[in-house]
Amino acid sequence: MKKLLTYFLLFTCIAVIAGCGSSTTSKPQQVKDFSIKIGGSSTLAPVVAKVADDFTEKYKTWKKVKDSLPDEPIAIFVATGGSGFGVKSATNGTVDIGLVSRVVTEAEKQKLPNHKLYTVGFDALTIAVHPQNPVAKVKPNLTKDEVKRIFSGEIKTWKQLDDSLPERPIVVAIRDLGGGASQAFDEAVMKGTPISKEAIQCPSMGALAGKVQDNVDAVGYVSTGLVEQNKGKIAVLSVDGVEPTNENIASGKYTIARPLILIAKTQPDEREQQLINYLISDSGLKTLEEMGFVPVKNQ
Numbered sequence: 410m411k412k413l414l415t416y417f418l419l420f421t422c423i424a425v426i427a428g429c430g431s432s433t434t435s436k437p438q439q440v441k442d443f444s445i446k447i448g449g450s451s452t453l454a455p456v457v458a459k460v461a462d463d464f465t466e467k468y469k470t471w472k473k474v475k476d477s478l479p480d481e482p483i484a485i486f487v488a489t490g491g492s493g494f495g496v497k498s499a500t501n502g503t504v505d506i507g508l509v510s511r512v513v514t515e516a517e518k519q520k521l522p523n524h525k526l527y528t529v530g531f532d533a534l535t536i537a538v539h540p541q542n543p544v545a546k547v548k549p550n551l552t553k554d555e556v557k558r559i560f561s562g563e564i565k566t567w568k569q570l571d572d573s574l575p576e577r578p579i580v581v582a583i584r585d586l587g588g589g590a591s592q593a594f595d596e597a598v599m600k601g602t603p604i605s606k607e608a609i610q611c612p613s614m615g616a617l618a619g620k621v622q623d624n625v626d627a628v629g630y631v632s633t634g635l636v637e638q639n640k641g642k643i644a645v646l647s648v649d650g651v652e653p654t655n656e657n658i659a660s661g662k663y664t665i666a667r668p669l670i671l672i673a674k675t676q677p678d679e680r681e682q683q684l685i686n687y688l689i690s691d692s693g694l695k696t697l698e699e700m701g702f703v704p705v706k707n708q
């Protein structure tokens, strides 16, 4: 099977280089770049990469997507870098589609007058621990205030949380400040209270989930999508008596949640429009749901 030209990678730069040495001096040949570059949220990127793979596998060339498009192989590059990267890169044109897993601020929207925001779904930040941590059985529900005190460092040991738990230090794991999860968690839980200086900052949501899986005393705010993708390896606690189920997320009952957003040009070229249509189609949203998120149908 022909290797797909869809890549999921850490984004530095993408270049198209053509031609090779001739003994005579000539003008460099102008090569048209038919690739689409997407980047941003490490939560949303794996979903978009999977949908882009499906799109590439289905059509192979742009002409098969729509007859008026060139007969060129489909090349879609998906990069992680955080929601801040997604907004900034869409703003300055580094990417064709930005990925964001938080609310886009009014100040950011003002810098995107020629762009449209597509909310494709919602993700919840679960309070996640190692499945062998006794807190999962002894105290499977925390109040939002307890969560805040744990992440601020006020509650430093599991025994301080519940006297029947062991006298072991709590290891707090968080996303770095460039991640959409950091802003969403601050708005929903911390309300401006600083996170503990001892908290371990993780470069991606996948790394955060891995930290919880690797340390029996770790606690972190892990995306529902990552919990779904790591069933049995992560235990999830309720907050204020509410479990982070799809129903509770969709209804707003579970409040530690955030939108999943695509930022695209208001007037994209035809290739970009066809990919956007596929991303927000029933097929694309089904993939998003299968990966543990709550889909939203765009009208």
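Under the working numbering, the residue at position 21 of the sequence shown is numbered 430, and the numbers go up by one with no gaps. Glycine is no exception: its CB is placed at the ideal position from the N, C-alpha and C atoms. Note that the structure is a prediction, hence the values are computed from the model and not measured.
In this structure, the CA atom of F486 is about 20 Å from the CA atom of P612.
Rounded to the nearest angstrom, the gap between the Cα atoms of P704 and T489 is 21 Å. Judged by DSSP secondary structure, K446 falls within the beta strand (DSSP E) whose first and last residues are 445–449.
Listed in chain order, the alpha helix (DSSP H) elements of length 4 or more contained wholly in the stretch 598–674 are 614–623, 633–638, 655–660. Leaving aside the five residues that flank V547 on each side, the residues in its chain whose CB is nearer than 8 Å to its CB run, in chain order, D571, S573, L574.
For F531, the enclosing beta strand (DSSP E) begins and ends at 524–538.
Judged by beta-carbon spacing, V509 lies within the 8 Å limit of I672, meaning their Cβ atoms are closer than that value. When the Cα atoms are used, A461 and P578 turn out to be separated by approximately 42 Å.
Across the structure, W471 and D442 are spaced so that their CA atoms are roughly 13 Å apart. DSSP places R584 outside any alpha helix (DSSP H); the residue lies instead in the beta strand (DSSP E), whose first and last residues are 580–584. In the three-state reduction of the DSSP assignment, G493 falls in the helix class, which pools H, G and I. Counting only unbroken stretches of 4 or more residues, the alpha helix (DSSP H) elements lying wholly within the stretch 465–493 are 471–474, in sequence order.
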